[in-house]
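Okay, so here's the structure we're looking at.
Shown next, in the form of structure tokens:
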């Protein structure tokens, strides 16, 4: 990727970063659509021999052979039996029956995690710079489990199974399904085994935002990653016949529109379909859009497809209008015709102009790449949000990372839009999604693993979370682009990842398999259900009290009781208690607790003890947090942040209260 | 027949493998064949689950789920890239 390494501070000289030899011992397994092995991002110059423990292979297949792997790309396997069983044999004229990436998504995520340094990277000159993955020295292995027809769980299970056997250290999965009990969710089940083998599993939170409770991959042994913007955008100016100009975004780099204003039409008025405003396939009436700029509403079909629909109907340009759900989020696309996306407020003005003007016109101008955009990061509108619908006492997502307009490696099989008709060939593409933020964290986790090989997956995740930041340099809270308001821990979890700080977190909230088994007991899982989820015989101790409240998670989600109506509830304050254990991973020191409320806080928070002294490395100390609250209307939320500091380190945990 | 069949992931209880079997694969195959003689194993899993995946009709899946040693028979799902 370009820009995100510097946005994350990885370009700053720091003695904390592991030596390249340590980092090169770490292998990241990426379950995705495969890889385009000829990418310069997979150059292995300077890398030493592959770790001797590695058992992976470069499987021979359609358009792929064993020589496609090297000291960077150390493994490439594909899993298509489930896909072919469901949809029939792979048509090798359109899809490679091998680990070769025919989609682009897999090449993008893999190079984001651990691509080698490539100078002068860009997409048609946009986002230019030196591209690199987060862990440039780490090795990567690809497990192709997603095909043009989707990702089937029998293939995903086989991919995870093999990745564990091969010996990956980090597993990156930018995929997900609907929420279901842990013992039925193959990603949760597979990740449990992977975690028990010491593998950190990083997954995307999903793109269901800004709807509340829209998360995927919420198992507490998984690191769940949401998406934020970086300080870069790709502005486009949309000037109306009134002379007013509005700023949108675009990656269009083809022949520009003429300087003269063109007629502007709303797609809903140029279609016979009741949802014509979405610019679905064949929905536009050519006579009504020919030579015009067409306003299409976001949603319903891929954004780039809307551009193609307008182009095929004879339109000259397209403006993609955000609805309320997307707010002011500007996701740029490399459309096949001059096109730009526009925020909700400006889109409303445009639509009012079209409906009120007898001859509406517009111009679109493309301004290229802008840097140092502030505020940044902001939480992407599409990034899935808490609360965690499956286990409300575990806060998810865990953290956010760059996931908007990310440039990274791409397949040679399809153009930047991914549309069949797009014949442009590129080595890098700019795309958005929590799919893009997930491999950032996977690569950063590999850096931490290289620096601290003995740390558990939970310790690495804790370091990433407790050092994440939640405010800008001016002290204001990170914003949510869908509202323009301060975001909350339900949007960003512990905050935005800060990898340099994560290398030296001071303290961590560690957890092991026993803790996860205790978590199942706290959920009242039967031995049978635990066996399915954890692949082991385990009976909860009937004499022991298991509580999710005591599960050693680096964040706090506190669902609280609400009144049950007039006369139905008591207004007397109630108290709930959560306990945690901190492990010292730094120098001896005394840490003091402090609690900061984020906005109006309706809860009294007491931490006991208020100070913790550590004299030895890996020494553990416990504490208890009491939350005293009164009843509030259902749906009320409140937020706070607990920090332990020794003056040098800040070990932060978000606290999210929700009255249900 | 193809339209009527779905892929299932079958979790088996490792500890209940009869001593008459020398390896897990033959036990998986025998269990599967007892429910659906024509069914084939797609994958065997070692780490994620102790089990395998296969194509079955809903009726055969139901029959298999009642066999000794079967922990669960979970229908395959399609996940999405994010």
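Chains as they are written, first to last, in the numbering used here: chain A, 4 to 663; chain B, 3 to 84. We put the CB at the ideal spot given by N, CA and C, even for glycine.
query, result
"Mind reading off the beta-carbon distance from residue 84(B) to residue 209(A)? Whole number of angstroms is fine, and I expect it under 8 Å.", "6 Å"
"Chain B beta carbons: is any one of them nearer than 7 Å to that of residue 10(A)?", "no"
"Between residue 571(A) and chain B, is any beta-carbon pair separated by less than 7 Å?", "For residue 571(A), the pLDDT reaches just 49, beneath the cut-off of 50, and the residue's location in the model is therefore unreliable, leaving the point undetermined."
"Where does residue 94(A) sit, in a helix, a strand or coil, going by DSSP?", "coil"
"CA-CA distance, residue 580(A) and residue 385(A)?", "34 Å"
"Taking C-beta pairs closer than 7 Å, name the residues in chain A that residue 13(B) reaches, listed in chain order.", "535"
"Rounding to the nearest angstrom, what Cα-Cα distance links residue 220(A) and residue 247(A) in this structure?", "44 Å"
"If I'm right that residue 29(A) touches residue 130(A) with Cβ under 8 Å, what's the distance once you round it to whole angstroms?", "27 Å between Cβ atoms; not a contact."
"Are there three or more Cβ pairs, one per stretch, closer than 8 Å when the stretch 448-468 of chain A is compared with the stretch 361-379 of chain A?", "no"
"In terms of residue numbering, what span does the alpha helix (DSSP H) encompassing residue 280(A) cover?", "Counting along the chain, residue 280(A) falls outside any alpha helix (DSSP H), and DSSP gives it neither H nor E."
"Tell me, to the nearest whole angstrom, how far the beta carbon of residue 395(A) is from that of residue 560(A); I am working on the premise that it is less than 8 Å.", "6 Å"
"Here's a check: name, in chain order, each residue in its chain whose Cβ is nearer than 7 Å to the Cβ of residue 522(A), leaving out the five neighbours to either side.", "223, 551 and 554"
"Listing by chain order, which chain B residues have their CB less than 9 Å from the CB of residue 153(A)?", "80, 81, 82 and 83"
"Should residue 251(A) and residue 241(A) be called a contact, given that it needs their Cβ atoms to be closer than 7 Å?", "yes"
"Have a look at residue 296(A) and residue 260(A) and give me their C-alpha separation to the nearest angstrom.", "10 Å"
"Between the stretch 50-64 of chain B and chain A, which residues of the former have a C-beta closer than 7 Å to a C-beta of the latter?", "50, 51, 52, 55 and 57"
"Could you tell me which chain A residues have their CB closer than 7 Å to the CB of residue 76(B), listed as they occur along the chain?", "187"
"Should residue 341(A) and residue 367(A) be called a contact, given that it needs their Cβ atoms to be closer than 7 Å?", "yes"
"Counting Cβ pairs closer than 8 Å, one from the stretch 66-79 of chain A and one from the stretch 137-153 of chain A, do we hit at least three?", "yes"
"Report the neighbours of residue 157(A) on chain B: residues whose CB is nearer than 8 Å to its CB, in chain order.", "9, 11, 44, 45, 55 and 78"
"What does residue 108(A) reach in chain B if we use C-beta pairs closer than 8 Å?", "83"
"Express the C-alpha separation of residue 360(A) and residue 486(A) in angstroms, rounding to a whole number.", "29 Å"
"Please state the DSSP three-state secondary structure of residue 531(A).", "helix"
"Does the beta carbon of residue 210(A) sit closer than 7 Å to a beta carbon anywhere in chain B?", "yes"
"I want to see whether chain A comes within less than 7 Å of residue 48(B), judged by CB atoms only; does it?", "yes"
"Below 8 Å, can you find three or more Cβ-Cβ pairs linking the stretch 586-596 of chain A to the stretch 613-625 of chain A?", "yes"
"Does the CB of residue 179(A) have a neighbour CB from chain B at under 7 Å?", "yes"
"Just the C-alpha distance for residue 655(A) and residue 431(A), rounded to the nearest angstrom, thanks.", "36 Å"
"Among the candidates 64(B), 59(B) and 48(B), whose CA atom is the shortest distance from the CA of residue 40(B)?", "59(B)"
"Are the stretch 101-116 of chain A and the stretch 411-422 of chain A in contact at 8 Å, needing three or more beta carbon pairs?", "yes"
"For the stretch 66-86 of chain A, which residues have a CB atom closer than 9 Å to at least one CB atom of chain B, in sequence order?", "82, 84 and 85"
"Does residue 149(A) come within less than 7 Å of chain B when only Cβ atoms are used?", "yes"
"Given a cut-off of 7 Å on the beta-carbon distance, is the pair residue 449(A) and residue 228(A) in contact?", "no"
"Tell me, which residues are paired with residue 432(A) by DSSP?", "411(A)"
"Compute the minimum distance between the beta carbon of residue 157(A) and the heavy atoms of the ligand NAD, and state whether it is under 6 Å.", "This structure lacks the ligand NAD, and indeed carries no ligand of any kind."
"Hey, could you find the ends of the alpha helix (DSSP H) residue 29(B) is sitting in?", "26-37"
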